[in-house]
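Taken in sequence, the protein lines are chains A and B. Plus 7 on top of the position in the first sequence (first one is 1) and you've got the working numbering. Plus 32 on top of the position in the second sequence (first one is 1) and you've got the working numbering. C-beta atoms are modelled at their ideal positions from N, C-alpha and C, and glycine is treated no differently. As the structure is a computational prediction, the values presented were derived from the model and not from experiment. In what follows, a structure is listed as structure tokens, so that the remarks can point back to it.
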Amino acid sequence: MLRLVPAGAFLVLIGPVLAGLLGAALPAFGYLPAIGGEKLSLGPFGDLAAMPGLLRSCLLSLTIGLVTTALSYVIVVAFIAGWRGTALFRAMERLVSPLLSVPHAAAAFGLAVLIMPSGFLVRLVSPWATGWQRPPDILIVNDPLGLAMMAGLIVKEIPFLLLVSLAALPQIRAGQFGHVTASLGYGRIAGFVFGVLPALYRQIRLPVFAVLAYATSVVDVALILGPTTPPPLAVRILQWQADPDLAMRFVAASGALLHLAVTGLALLIWVFGEKAMARLCAVLQTAGRRGRDDKVWRHLAVTLISASAFIVLAGILLLALWSIAGLWRYPDLLPEAFTLNVWVRSLPGFAVPLANAVIIGIASSLAATAIALGALEYESRAGLTPTIRALVALYLPLLVPQIAFLLGLNVVFIWAHLDGRLAALVLVHLVFVFPYVLLSLSDPWRAWDRRYGLMARALRHGPDAVFWRIRLPMLLRPVLTAAAVGFAVSIGLYLPTLLIGAGRWPTITTEAVALAAGGNRRVIGATALLQALLPFAGFTLALVVPALLFRDRRAMRPAA
Amino acid sequence: MSKISGMSTTNNIGAKTGLTLDKVEITLHGEPLVAANAHISPGEILTVMGPSGSGKSILLAYVAGFLDPVFSATGRIRLNGLDVSDLPPERRGMGLLFQDPLLFPHLSVGGNMMFGLAPAIKGHAARREAVEAALRHVGMGDFFDRDPATLSGGQRARVALMRTLLSRPEALLLDEPFSNLDTARRGQVRERVFAEARQLGLPVLLVTHDVADAKAAGGPCIELA
Numbered sequence: 008m009l010r011l012v013p014a015g016a017f018l019v020l021i022g023p024v025l026a027g028l029l030g031a032a033l034p035a036f037g038y039l040p041a042i043g044g045e046k047l048s049l050g051p052f053g054d055l056a057a058m059p060g061l062l063r064s065c066l067l068s069l070t071i072g073l074v075t076t077a078l079s080y081v082i083v084v085a086f087i088a089g090w091r092g093t094a095l096f097r098a099m100e101r102l103v104s105p106l107l108s109v110p111h112a113a114a115a116f117g118l119a120v121l122i123m124p125s126g127f128l129v130r131l132v133s134p135w136a137t138g139w140q141r142p143p144d145i146l147i148v149n150d151p152l153g154l155a156m157m158a159g160l161i162v163k164e165i166p167f168l169l170l171v172s173l174a175a176l177p178q179i180r181a182g183q184f185g186h187v188t189a190s191l192g193y194g195r196i197a198g199f200v201f202g203v204l205p206a207l208y209r210q211i212r213l214p215v216f217a218v219l220a221y222a223t224s225v226v227d228v229a230l231i232l233g234p235t236t237p238p239p240l241a242v243r244i245l246q247w248q249a250d251p252d253l254a255m256r257f258v259a260a261s262g263a264l265l266h267l268a269v270t271g272l273a274l275l276i277w278v279f280g281e282k283a284m285a286r287l288c289a290v291l292q293t294a295g296r297r298g299r300d301d302k303v304w305r306h307l308a309v310t311l312i313s314a315s316a317f318i319v320l321a322g323i324l325l326l327a328l329w330s331i332a333g334l335w336r337y338p339d340l341l342p343e344a345f346t347l348n349v350w351v352r353s354l355p356g357f358a359v360p361l362a363n364a365v366i367i368g369i370a371s372s373l374a375a376t377a378i379a380l381g382a383l384e385y386e387s388r389a390g391l392t393p394t395i396r397a398l399v400a401l402y403l404p405l406l407v408p409q410i411a412f413l414l415g416l417n418v419v420f421i422w423a424h425l426d427g428r429l430a431a432l433v434l435v436h437l438v439f440v441f442p443y444v445l446l447s448l449s450d451p452w453r454a455w456d457r458r459y460g461l462m463a464r465a466l467r468h469g470p471d472a473v474f475w476r477i478r479l480p481m482l483l484r485p486v487l488t489a490a491a492v493g494f495a496v497s498i499g500l501y502l503p504t505l506l507i508g509a510g511r512w513p514t515i516t517t518e519a520v521a522l523a524a525g526g527n528r529r530v531i532g533a534t535a536l537l538q539a540l541l542p543f544a545g546f547t548l549a550l551v552v553p554a555l556l557f558r559d560r561r562a563m564r565p566a567a
Numbered sequence: 033m034s035k036i037s038g039m040s041t042t043n044n045i046g047a048k049t050g051l052t053l054d055k056v057e058i059t060l061h062g063e064p065l066v067a068a069n070a071h072i073s074p075g076e077i078l079t080v081m082g083p084s085g086s087g088k089s090i091l092l093a094y095v096a097g098f099l100d101p102v103f104s105a106t107g108r109i110r111l112n113g114l115d116v117s118d119l120p121p122e123r124r125g126m127g128l129l130f131q132d133p134l135l136f137p138h139l140s141v142g143g144n145m146m147f148g149l150a151p152a153i154k155g156h157a158a159r160r161e162a163v164e165a166a167l168r169h170v171g172m173g174d175f176f177d178r179d180p181a182t183l184s185g186g187q188r189a190r191v192a193l194m195r196t197l198l199s200r201p202e203a204l205l206l207d208e209p210f211s212n213l214d215t216a217r218r219g220q221v222r223e224r225v226f227a228e229a230r231q232l233g234l235p236v237l238l239v240t241h242d243v244a245d246a247k248a249a250g251g252p253c254i255e256l257a
């Protein structure tokens with residue numbers, strides 16, 4: 008039974024991606040009998056090419072992906088290089104998980120109410136410094152270059168890259184290398200870049216690729232902050248898919264394949280960039296440059312990373328404030344009055360989307376945790392070591408643009424009469440939830456002292472009893488944390504819920520994003536706040552349950 | 033290669049009672065690592081001495097039934113006449129004590145001992161009483177509900193010993209079980225472990241690098257290079 012788990016996990020990760028790509032490829036070449044596409048042709052690609060502004064949409068997706076990934080990566084690396092081992096660094100370490108738990112959509116809304124022309128930042132300096140008696144008529148949110156969208160993505164990708172780097176640093180013995188480069192007279196940043204970064208980058212390369220693929224193809228953040236004339240490619244594919252003219256489905260399918268190529272191109276450019284940077288580093292290193300005067304860069308790094316954390320946290324606070332604001336005129340910094348009107352009016356309508364989100368989140372995160380535990384337990388019983396092939400499989404659903412395989416998967420589900428079913432929706436969530444759950448759980452699971460298991464076996468207990476009565480309870484905290492990570496991922500999923508749910512399973516996330524166009528800040532505030540609170544509740548439970556269960560067990564407390 | 037050939041005074045390999053290591057040889061990638069041919073009678077302590085890396089802990093792991101698959105081994109292990117070489121660890125009847133007491137941190141002292149207590153003792157009241165009796169036996173009568181993390185090193189060692197004995201082993205395997213205790217405690221704990229083993233008539237395989245351990249054991253001693 009346990010032997011089947013790794014194969015099953017493999018199937019969960021790879022199966023839907025391959026089925027989805029196939030399901031997109033057939034209609035992309037004109038074949039979809041259900042809506043009259045009987046024979047293969049290149050027609051849909053011709054129609055796609057004729058779409059106005061197609062090139063601009065592609066370039067937007069490409070640049071937004073590359074700029075977002077490059078900036079997030081550089082900020083994270085510069086911060087780690089310049090501040091590792093300081094009190095400031097430890098403070099940031101503690102902030103990573105809460106920042107990561109905020110869904111992309113909620114963070115994007117938070118950024119919007121912060122930076123929009125009538126937003127908090129403008130009010131802060133108006134009219135006394137700017138002279139703006141009314142909100143300035145400039146397009147900040149939804150700007151045509153996608154700057155706001157990039158900012159919204161960067162503030163969320165920074166904590167993710169920081170987290171994966173923090174997990175990798177002890178494995179590569181970064182501390183020791185740091186001492187060596189310092190004793191050779193290198194500045195903090197230069198010493199890190201020459202001495203530690205090559206090893207660190209090897210460890211976080213796949214997560215960086217995942218960020219790049221995500222940023223080129225994200226839909227919800229694009230709908231909230233992104234350009235509209237035209238929007239990035241993924242949003243346009245979604246619009247074609249929703250077009251009442253069924254023939255546009257063929258265009259959407261060919262667009263999905265085009266997006267696969269755009270994301271592939273982004274990855275290719277990134278890999279060339281890697282090579283160029285390696286070359287540059289080699290030249291600087293041979294020259295023996297010590298880079299001792301890096302104060303400016305260190306302070307720039309800490310300023311940017313603090314700003315990104317501030318944007319997310321202040322954004323959530325502002326959303327909360329909007330949801331209870333009465334009259335709040337420009338340029339008042341705070342509302343004149345507070346009211347619970349929005350909550351009273353909206354709460355009944357929130358019940359179903361909230362319940363849906365929680366049901367799907369719990370089902371997918373529990374399933375993912377169970378499969379992850381099975382795979383890890385199989386690995387330790389069989390004495391296997393994880394391979395790179397398994398790792399790539401793990402990242403595959405995160406490396407393929409969501410829209411590219413979700414469109415096709417929807418076609419497959421319709422064909423199998425699974426569309427709009429809860430089981431199908433949970434399965435699709437599982438594809439995205441499982442990698443994060445396994446990544447979060449595998450390190451603590453493998454770090455467990457095996458001698459406890461040997462001792463339990465010597466006390467005449469079989470492997471199953473060791474798993475249920477010793478290993479699982481001892482690792483309850485990381486197991487629940489992994490489940491909470493999975494729950495948070497599920498809550499944040501927009502596109503899979505929208506496409507596979509076929510509109511029958513609205514969640515708090517699809518509701519929130521749907522409000523973006525309306526611009527009612529009070530309702531948006533309440534909805535996005537609820538969306539942000541769900542993952543937070545999950546993480547709180549994951550902390551509180553073990554703390555209560557093991558309140559009298561000193562050795563079970565987390566290392567402070 | 034380290035060779036052990038410690039026939040005990042009784043010198044009757046294949047006898048019904050006791051622990052027999054019959055021409056055991058462990059290799060790593062084809063290279064011989066450690067070999068042993070010995071019989072330990074009930075109540076007798078065979079000490080295997082050697083520096084770290086001499087393969088003594090690997091020998092012990094093989095006897096206990098969890099040799100790392102990178103090693104390969106030949107030879108048979110017999111316990112009281114039964115060939116246990118192909119049995120999983122939980123069915124061998126080998127009680128184990130490590131350098132660390134390895135009390136399960138999520139269970140109370142009593143919970144740890146309940147986990148060890150042989151299933152032959154049935155009924156909650158009887159099981160609880162068996163554990164309480166074992167605790168009283170080592171002078172820890174009111175420790176049932178205590179958190180293992182709050183015990184002293186000597187107390188932990190005693191709980192670990194009683195937990196193992198409650199599982200009713202037929203032999204004891206000791207992997208440097210005293211080396212983490214301070215010198216004052218070490219002698220006491222050692223005497224207790226040896227006395228219990230003698231009284232229960234358990235054959236003991238002791239792996240150590242401490243000469244004092246070997247002296248106190250009083251049985252045959254093999255030194256590995």
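### Query
Between Ile211/A and chain B, is there a C-beta pair that is closer than 8 Å?
no
#### Entry: Beta-bridge partners of Met126/B, as assigned by DSSP
Ala203/B
### Query
Any Cβ of chain A within less than 8 Å of the Cβ of Phe136/B?
yes
### Alpha-carbon spacing of Gly415/A relative to Val242/A, whole angstroms
16 Å
### Query
What three-state label does DSSP hand Lys55/B in the structure shown?
strand
### Query
Are Ala88/A and Phe199/A touching if we call contact CB-CB under 8 Å?
yes
### Message
Could you tell me the alpha carbon to alpha carbon distance between Leu296/A and Ala289/A, rounded to whole angstroms?
### Response
A quick correction: the sequence has Arg, not Leu, at residue 296/A. The straight-line gap from Cα to Cα measures roughly 11 Å.
### Message
Short of 7 Å Cβ to Cβ, which residues in the stretch 113-130 of chain B face chain A?
### Response
Pro121, Glu122, Met126, Gly127, Leu128, Phe130
### Query
Can you list, in chain order, the residues of its chain whose CB lies under 7 Å from that of Ile153/B, leaving out five sequence neighbours each side?
Arg159, Ala162
### Message
Do Leu107/A and Pro166/A count as a contact pair if the criterion is CB distance below 8 Å?
### Response
yes
### Task
With DSSP as the reference, label Phe210/B as helix, strand or coil.
coil
### Sub-8 Å separation of Gly532/A and Trp329/A beta-carbons
yes
#### Entry: Under the three-state DSSP convention, the category Leu183/B falls into
coil
### Task
Just the C-alpha distance for Ala185/A and Val81/A, rounded to the nearest angstrom, thanks.
Looking at the sequence itself, residue 185/A is Gly, so the reference to Ala does not match. Roughly 19 Å between the two C-alpha positions.
### Task
Step through the CB atoms of chain B and report whether any lies within less than 8 Å of the CB of Phe474/A.
no
### Task
Note down, in chain order, every chain B residue with its Cβ under 7 Å from the Cβ of Ala554/A.
What Ala554/A touches in chain B: nothing, since even the nearest Cβ is about 13 Å away.
#### Entry: Residues from the stretch 480-494 of chain A in contact with chain B, defined by Cβ distance under 7 Å
Pro480, Met481
#### Entry: Residues of its chain near Ser64/A, where Cβ-Cβ distance is below 7 Å and the 5 sequence neighbours each way are ignored
Pro237, Pro238, Pro239, Leu240, Arg243
### Task
May I ask you to list, following chain order, the residues of the stretch 70-91 of chain B that have a beta carbon less than 8 Å from some beta carbon of chain A?
none
### Query
Does the separation of the CB atoms of Pro252/B and Leu78/B fall below 8 Å?
yes
### Query
Grouping DSSP H, G and I as helix and E and B as strand, with all else coil, what is Glu45/A?
coil
### For Arg168/B, the nearest candidate out of Leu238/B, Met145/B, Val116/B, Asn69/B (CA to CA)
Met145/B
### Task
With DSSP as the reference, please indicate the residues paired to Glu386/A in a beta bridge.
The partner list for Glu386/A (beta bridge, DSSP) is empty, contrary to what the question assumes.
### Query
According to the Cβ coordinates, are Leu111/B and Ala249/B closer than 8 Å?
no
### Query
Which residues in the same chain have their Cβ closer than 7 Å to the Cβ of Val492/A, if we skip the five residues on either side of it in sequence?
Tyr443, Val444, Ser447
### Message
Below 7 Å on C-beta distance, what does Pro22/B contact in chain A?
### Response
In the structure as shown, chain B starts at 33 and stops at 257, and residue 22/B therefore has no counterpart that could be examined.
### Message
In the DSSP output, what is Ser125/A paired with across the bridge?
### Response
DSSP, once it has assigned bridges, lists no residue as partnering Ser125/A.
### Distance CB(Ala175/A)-CB(Gln210/A) smaller than 8 Å
yes
### Query
Where do the N-terminal and C-terminal ends of the alpha helix (DSSP H) with Leu232/A fall, by residue?
227-232
### Task
Please confirm if Leu466/A has its CB atom under 8 Å from at least one CB of chain B.
yes
### Message
Could you give the first and the last residue of the continuous alpha helix (DSSP H) run that contains Thr240/B?
### Response
Unbroken run through Thr240/B is the beta strand (DSSP E), 236-240; no alpha helix (DSSP H).
### Message
For Thr59/B and Trp452/A, what's the separation of their Cα atoms in angstroms?
### Response
30 Å
### Interface positions of the stretch 433-461 of chain A facing chain B (Cβ-Cβ less than 7 Å), listed along the chain
Arg458, Tyr459, Leu461
### Query
Of all the options Ala411/A, Phe36/A, Leu341/A, Ala41/A, which has the alpha carbon lying nearest to the alpha carbon of His424/A?
Ala41/A
### Query
Which residues bound the alpha helix (DSSP H) around Ala285/A?
255-293
### Message
Counting only C-beta atoms, is Asp471/A closer than 8 Å to chain B at any point?
### Response
no
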